[in-house]
Amino acid sequence: MGVFEILAELDRREVQIEIKLKKILEANLTPFPGDRIHKAKMLLKLIYEFKKHIQADEFFQAGMKLRDLEIEGLMILEEKPPSLR
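Every position in the sequence shown, counted from 1, becomes a number in our numbering once 231 is added.
See the structure below:
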């Protein structure tokens with residue numbers, strides 16, 4: 232997966248996370264949704280930092296942020312079946 236594909240996927244995921252965060256804040260189904268809010272904000276921060284490193288041509292640091300995103304459960308580099316490409 233190339234850098235531009237990763238950036239496009241992260242843009243898509245960023246929108247999804249922001250929508251999810253907004254729904255969590257609006258619904259407030261549990262009295263303390265702090266862990267879900269914290270995770271969403273952390274993922275958004277990591278995406279922002281990844282993009283910042285790419286813009287600065289710091290690809291090693293960008294790779295570290297991508298790894299951090301995957302550790303947090305946001306899989307970007309997983310291979311899609313040929314029919315979905």
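By construction, the Cβ of each residue, glycine as well, lies at the ideal position given by its N, Cα and C atoms. As the structure is a prediction and not an experimental result, all values here were calculated from the model.
Nearest candidate by alpha-carbon position, reference residue i, set the options
| i | options | result |
| --- | --- | --- |
| residue 305 | 278, 232 and 257 | 278 |
| residue 303 | 293, 283, 270 and 286 | 270 |
| residue 299 | 244, 273 and 258 | 273 |
Own chain partners of residue i with C-beta closer than 6 Å, once the 5 adjacent residues on each side are dropped
| i | result |
| --- | --- |
| residue 232 | 308 |
| residue 264 | 255 |
| residue 252 | 271 |
Status (buried if at least 16 other CB within 10 Å, exposed otherwise) for residue i
| i | result |
| --- | --- |
| residue 293 | buried |
| residue 316 | With a pLDDT of 47 at residue 316, under the threshold of 50, the predicted position of this residue should be treated as unreliable, and no value is reported. |
| residue 256 | exposed |
| residue 248 | buried |
| residue 285 | buried |
Residues near residue i by beta carbon distance below 8 Å, same chain, minus five either side
| i | result |
| --- | --- |
| residue 297 | 237, 281, 307 and 308 |
7 Å Cβ shell around residue i - same chain, five flanking residues per side excluded
| i | result |
| --- | --- |
| residue 240 | 307 |
Span of the alpha helix (DSSP H), counted from its first residue to its last, around residue i
| i | result |
| --- | --- |
| residue 288 | Here residue 288 belongs to no alpha helix (DSSP H), and DSSP marks it neither H nor E. |
| residue 353 | For the chain, the structure presents residues 232 to 316; residue 353 sits outside this window and is missing. |
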